[in-house]
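Residue numbers (this note's numbering): 192 to 572. The beta carbon of each residue, even a glycine, is placed where N, CA and C say it ideally should be.
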């Protein structure tokens with residue numbers, strides 16, 4: 192009820208609905224009223240929400256457009272990783288963190304969560320633009336680079352005698368698994384998904400086509416998670432695979448209400464529920480500085496990468512703002528550092544707050560950038 196009302200008021204104010212849902216999470220969560228806490232049920236619904244959201248993003252994406260803008264996507268992702276690692280790492284070291292802690296902070300903010308940007312791009316029907324394709328492609332590349340950096344960081348921690356929680360496979364094995372995953376994704380798009388969807392149509396079962404699409408979606412999310420990628424990336428490719436079948440429109444009509452009714456709003460609320468105001472006073476200026484840098488390093492880094500690839504200033508701004516949100520990848524990376532004993536509770540709370548603030552601010556920057564871009568596209572058309 193609260194997410195519906197918050198989304199309604201946000202839209203009436205001209206703000207993306209996801210902002211209202213994020214803010215509701217902050218208000219009713221531990222940060223303020225403490226009515227709702229993150230528990231296993233909320234986390235489960237949130238995980239399904241981000242998977243369904245990215246599946247819908249894949250459904251609305253154009254595979255040919257994604258392949259066309261693969262090179263700029265890689266350049267944008269690389270540039271958008273270098274800037275946060277160097278600048279945020281340097282500022283953290285200057286602030287008093289040890290070199291390893293400072294480097295880890297840079298790695299935390301090198302990650303991008305495109306889920307929230309996808310929601311805004313969908314709202315503006317901008318997923319099938321070259322900017323939307325570049326953002327989505329860059330997010331995939333960014334996720335892979337983030338996993339590599341995290342694996343290297345864990346290896347560095349081990350060499351320093353710091354035990355990390357859980358067992359982590361060697362970097363070479365992780366990369367081999369990811370190559371196999373993307374090889375399997377090609378097979379899925381080309382042959383497996385069309386065959387399974389055609390087979391499902393012949394089943395004497397209500398909603399058999401929708402059920403089969405969910406099998407593909409959740410199966411790909413599970414496989415992506417196994418090889419160390421975000422489950423959202425697997426769901427995104429599942430959406431692309433299913434979009435290349437004749438059932439695209441039917442599935443969009445069936446799956447979107449399923450996601451928007453419960454799971455997707457809970458995902459956005461869960462981001463707000465992660466926020467806590469503990470240790471806010473002692474780390475206030477650190478939080479302010481890192482939040483500004485978290486936004487600027489992606490905006491400038493990814494925007495510069497887009498400019499290098501020939502995008503104009505308006506398009507580069509859209510791409511840069513579309514990569515600002517950190518979301519679940521940043522939270523996961525920060526949690527690993529905290530579990531490893533690399534961060535104190537106060538530092539961990541500060542990093543989580545910065546991740547949340549950057550994620551909340553991202554749609555506020557993206558919406559005006561899109562408003563400036565889309566009229567120009569219509570005028571050219």
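- Under the three-state reduction of DSSP, residue 432 is assigned to helix.
- When secondary structure is reduced to three states using DSSP, residue 336 falls in the helix class.
- Spanning the alpha carbons of residue 204 and residue 193 requires a straight line of approximately 16 Å.
- Looking at 417, 445, 327, the one whose alpha-carbon comes closest to that of residue 364 is 417.
- In the DSSP annotation of this structure, residue 252 is not part of any alpha helix (DSSP H), being labelled neither H nor E.
- Sequence-distant Cβ neighbours of residue 458 in its own chain, meaning closer than 6 Å and more than five residues away, are 237, 240, 241.
- Of the candidates 375, 394, 465, the residue whose Cα lies closest to the Cα of residue 428 is 375.
- Note on geometry: alpha-carbon atoms of residue 252 and residue 369 lie some 22 Å from one another.
- Within the model, the alpha-carbon separation for residue 471 versus residue 219 is close to 18 Å.
- Going by DSSP, residue 275 is part of no alpha helix (DSSP H) at all; its letter is neither H nor E.
- Going by DSSP, residue 507 is part of the alpha helix (DSSP H) stretching over 504-513.
- In this structure, DSSP gives residue 413 a helical state, which the three-state scheme calls helix.
- Where residue 203 is concerned, the enclosing alpha helix (DSSP H) starts and stops at 193-203.
- In this structure, residue 213 keeps its C-beta atom at 7 Å or more from the C-beta atom of residue 494.
- Annotation for residue 211: the continuous alpha helix (DSSP H) segment containing it runs 208-219.
- Per the coordinates, the alpha-carbon of residue 208 lies some 4 Å from the alpha-carbon of residue 198.
- Under the 10 Å beta carbon count, residue 406 is surrounded by fewer than 16 other beta carbons and is classified as exposed.
- According to the DSSP assignment, residue 290 belongs to the alpha helix (DSSP H) that extends over 290-299.
- Taking the C-beta atoms as reference points, residue 412 is found nearer than 7 Å to residue 426.
- For residue 466, there is no enclosing alpha helix (DSSP H), since its DSSP letter is neither H nor E.
- 509 is the residue among 247, 440, 216, 509 whose C-alpha sits nearest the C-alpha of residue 323.
- Of the candidates 446, 260, 276, 392, the residue whose Cα lies closest to the Cα of residue 484 is 276.
- Residue 505 sits away from residue 552, with the two beta carbons spaced by 7 Å or more.
- The alpha-carbon separation between residue 331 and residue 513 amounts to approximately 13 Å.
- Counting along the chain, residue 494 sits inside the alpha helix (DSSP H) bounded by residues 475-499.
- Going by DSSP, residue 286 is part of the alpha helix (DSSP H) stretching over 280-286.
- Contact annotation, residue 272 with residue 336: C-beta distance approximately 5 Å; criterion of less than 8 Å satisfied.
- Between the region 538-548 and the region 307-320, the count of C-beta pairs closer than 8 Å stays below three; the two stretches do not touch.
- A Cβ-Cβ separation of about 6 Å places residue 517 in contact with residue 304 under the 8 Å criterion.
- In the structure shown, residue 271 falls within a helical segment according to DSSP collapsed to helix, strand and coil.
- Counting along the chain, no alpha helix (DSSP H) covers residue 223, and no H or E run does either.
- In terms of Cα proximity to residue 549, the closest of 538, 502, 466 is 466.
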